[in-house]
Amino acid sequence: MPADLWSLYSLMLKSRLFEEATATLWQDGLISGELHLGTGEEAIVAGVVAQLRDGDAMALDHRGTAALLMRGVDPVAIMRELLGRPDGLCRGMGGHMHLYSRDHLAACSGIVGAAGPCAAGFALAAQHLRPGTIAVAFFGEAAMNQGMLMESLNLASAWALPVLFVCKDDGWGITTQSQTVTGGDLQERAQGLGVPAVEVDGRDAGAVWEASRSAMQRARSGQGPTFIQARCVHLEGHFLGFQLLRMAREPLKEMPGITLPLTRAFLHARGAALGQRRAGLKQVLGAVLATLRDPRRDAANDPVQLARRALLSDPLRLKALEDQLEGEIDAVLASAVGEDAS
Amino acid sequence: MRSMRFTQAVDDALATAMAEDPNIVVLGEDVPLLRRNLLVRFGPGRVRGTPISESAFLGAGVAAAMAGLRPVVEVYMVDFLGVGMDALLNHAAKLEAFSGGGWTAPVVVRAPCGGGYGDGGQHEQSLWGWLAHIPGLAVLVPSTPADAGGLMLAALQHDGPVIFLEHKLLSETWLEFLGSGARRTVQYDVPAEGTRGKVPNRWKPLPMGEAVTRRPGTDVTIAGVGVGVHRAVEAAQTLDLEGISAGVLDLRTVSPLDRTAVREAVARTGRLVVVDEDYEGFGLSGELAALVLEAGISCRFARVCTRTTIPYARPLEDRALPNTERICAAVRELLQ
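First to last, the protein sequences are chains X and D. Numbered by my numbering, the letters in the first sequence go through residues 2 to 343 in order. Numbered by my numbering, the letters in the second sequence go through residues 4 to 339 in order.
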């Protein structure tokens, strides 16, 4: 049975439209603090979540909205939670980094790497209480340097826990390029702990679906965990209002406040030798330049667009689906900002 | 005197110390961007980004301090110390005692703390009481740019582990990075007095464990740290209009604690209100009550603290964190 690209596209587009709506709410100041979007990683989430069954569990990171939506959690309840309303999914107590749905066995965490032990524990309970069900952990590649996640890979391996460790690899840990602080290869790292590793194009929902199908079969049949490394691009960077993206996108506005103190520091009489200073400057500029060369500008890195292109052969069906989803999300937004029903 | 913003003052004092002492190194998450002004002046050898591996780099910071460096280890938020807590709880804090006084770890752990901008209960905690509970850790919570710079220097000269906490509402960079993201559509209740202020032309270390009176008062003593101090001053101004004279004591450091200043102030006013953004139970507020009781001072006591997990929703959060209304109400009740 191959992946049904129509249903994957439907999941992805729903999530994209939802998150674009929340981005507007954030810009309007209706969401006060940080907001981490999952735009750009929808193919990874859809390819995995589309295959989950009743009783399967999800351990999510600070970017869990897409997974919850695709899993079938009430979108109005999620949006109301992001707005901090008493009728939100968690009564306005959690917010987007701390979304929980007990009914779906789904828990987010704002602590990097925490999805590892969480999935291991969900999987342990699955072994005892719901044989044949599994747990999925979603996390970024920067979380792979967190001890608790590495320990969880080992634990899942040693106990043959039914876990899918899904690494959504966009190459950046906030403002740090992950390769600059990571030793070795992540798949080899997982393999070294006895966890089979596969790499997949995280922009391609069908490919993710295929890779995770085998991994789930393995987990459901008691053969233990799998590590999936799926590369993607976060279209809005780490979070909305991300300083590095602002520097790259609006240099005239952002850079004066940054360059003046930077120049003053660089030229300060007391400090390191010139070579060291130059190396420091190179690091700062490197991060900005890497952002400027950003793959975000390339539509080929947008998983939603990628899936859409494959469906253009049936424009009528495509339009009907898109109209339907846009209507759905408009209705969600209208309902979410409407009067408190409770 | 110069005028500086809060985090600018910390970084300026830190840079001054780094120019004097080549053994000071800075390491932590996203440090190359966050401390870029230090990076281009002192080079990547001394200003180093880390992976998101709190256990490893906190533990390494402690041991590097044992072996002669003076590391300033930055963690993204004090909440994330939970991940690498062993390095502080079981190692940094124990070393001096375990070694019979022969070995210490002069490491400075620098972390943003505090709430008021809608990030939820895993990113807005204060935790200074939780940290100060452990013998062997110094915990500094400055409330003004001048104190922030002076206490950073003190931390760098201290012969043991120091936790240096920067309240995000006071920090021009953290609040923008994590809160507004350059939006003009959000407002935060930022105490202006704490965000920008006069700082000395030449930084001098402030003594740790020395409180300062922010406002004299004869009817009641309000004590606190960080943003709580500013909330207390604001409350005192309101109470003044009602004919109540409330004094405000800025403890500045939770550990060591200026017990003498608290005792003296409370002995005069006979009333103590503790404003503490950290959790109410088993923390700073209870500690202040205990020290007054232990001194045999007869006084009326109240506290305005955070009692629950900090809610995400801003209206709920505003009620959960100490605010001027709650402080005023507590003072009025004590005076009844």
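Note that beta-carbon positions come from the ideal geometry of N, C-alpha and C, so glycine has one too.
- The beta-carbon of residue 60(X) is placed no less than 8 Å from the nearest beta-carbon of chain D.
- Chain order gives the chain X residues near residue 48(D) as 277, where near means a beta carbon separation below 7 Å.
- Around residue 116(X), the same chain offers 60, 61, 62, 110, 138, 139, 140, 144 and 150 as residues with beta carbons nearer than 8 Å, after the five sequence neighbours per side are excluded.
- Secondary structure note for residue 170(X): its beta strand (DSSP E) is the uninterrupted segment 164-170.
- Residue 171(D) counts as buried, since at least 16 other C-beta atoms from the protein chains shown sit within 10 angstroms of its C-beta.
- Residue 291(D) has its alpha-carbon roughly 35 Å from the corresponding atom of residue 32(D).
- Counting only runs of 4 or more residues that sit fully inside the region 47-121 of chain X, the alpha helix (DSSP H) segments are 66-72 and 76-83, in chain order.
- Cβ proximity to chain D below 9 Å picks out 146, 147, 148 and 149 from the region 146-168 of chain X.
- Using beta-carbon distances, residue 98(X) counts as an interface residue toward chain D, with a partner under 8 Å.
- At the C-beta level, residue 6(X) and residue 312(X) come within 8 Å of one another.
- What residue 262(X) touches in chain D, judged by beta-carbon distance under 7 Å, is 40, going in chain order.
- When C-beta distances to chain D are compared with 8 Å, the residues of the region 218-251 of chain X below that value are 240, 241, 242, 243, 244, 245 and 247, in chain order.
- Look at residue 306(X): its C-beta is not under 8 Å from any C-beta on chain D.
- As computed with DSSP, residue 231(X) is found in a beta bridge with 169(X) and 201(X).
- Contact between residue 254(D) and residue 303(D) fails: their C-beta atoms lie close to 20 Å from each other, not under 8 Å.
- In the structure shown, residue 79(D) falls within a coil segment according to DSSP collapsed to helix, strand and coil.
- Contact with chain D is found for residue 267(X), since one of that chain's Cβ atoms lies less than 8 Å from the residue's Cβ.
- Taking the beta carbon of residue 126(D) as reference, the chain X residues within 8 Å of it are 34, 35, 98 and 111, listed in sequence order.
- Under the three-state reduction of DSSP output, residue 114(D) falls in the strand class.
- Under the 8 Å Cβ criterion, the region 22-38 of chain X does not count as touching the region 191-202 of chain X, having fewer than three qualifying pairs.
- Within the same chain, and ignoring the five residues on either side of residue 305(D) in sequence, the residues whose Cβ sits closer than 6 Å to its Cβ are 276, 333 and 337.
- Contact between the region 223-243 of chain X and the region 149-166 of chain D is absent, with fewer than three C-beta pairs closer than 8 Å.
- Remark: three or more beta-carbon pairs, one from each stretch, lie closer than 8 Å, so the region 201-215 of chain D and the region 11-27 of chain D are flagged as touching.
- Three or more beta-carbon pairs separated by less than 8 Å are not found between the region 139-146 of chain D and the region 205-214 of chain X, which leaves the two stretches without contact.
- Of the residues assessed, residue 146(X) falls on the buried side of the cut-off, its CB having 16 or more other CB atoms within 10 angstroms.
- Checking the DSSP bridge columns, you'll see residue 253(D) partnered with 215(D) and 227(D).
- For residue 282(X), the nearest CB of chain D lies under 8 Å from its own CB, placing it at the interface with that chain.
- A check of alpha carbon separations from residue 75(D) across 168(D), 149(D) and 246(D) identifies 168(D) as the nearest.
- Residue 224(D) is outside the set of residues whose beta carbon lies under 8 Å from a beta carbon in chain X.
- It is roughly 6 Å from the alpha-carbon of residue 49(X) to the alpha-carbon of residue 213(X).
- Between residue 281(D) and residue 256(D), the beta carbon gap of about 14 Å keeps them out of contact (Cβ cut-off 8 Å).
- Look at residue 256(X): its C-beta is not under 8 Å from any C-beta on chain D.
- Going by beta carbons, residue 266(X) and residue 49(D) fall outside the 8 Å limit.
- 160(X) is the residue among 90(X), 131(X), 55(X) and 160(X) whose C-alpha sits nearest the C-alpha of residue 121(X).
- Judged by their CB atoms, residue 28(D) and residue 77(D) are not nearer to each other than the 8 Å cut-off.
- Using a Cβ-Cβ cut-off of 8 Å, residue 117(X) does not count as an interface residue toward chain D, since no Cβ of chain D sits closer than that to its own.
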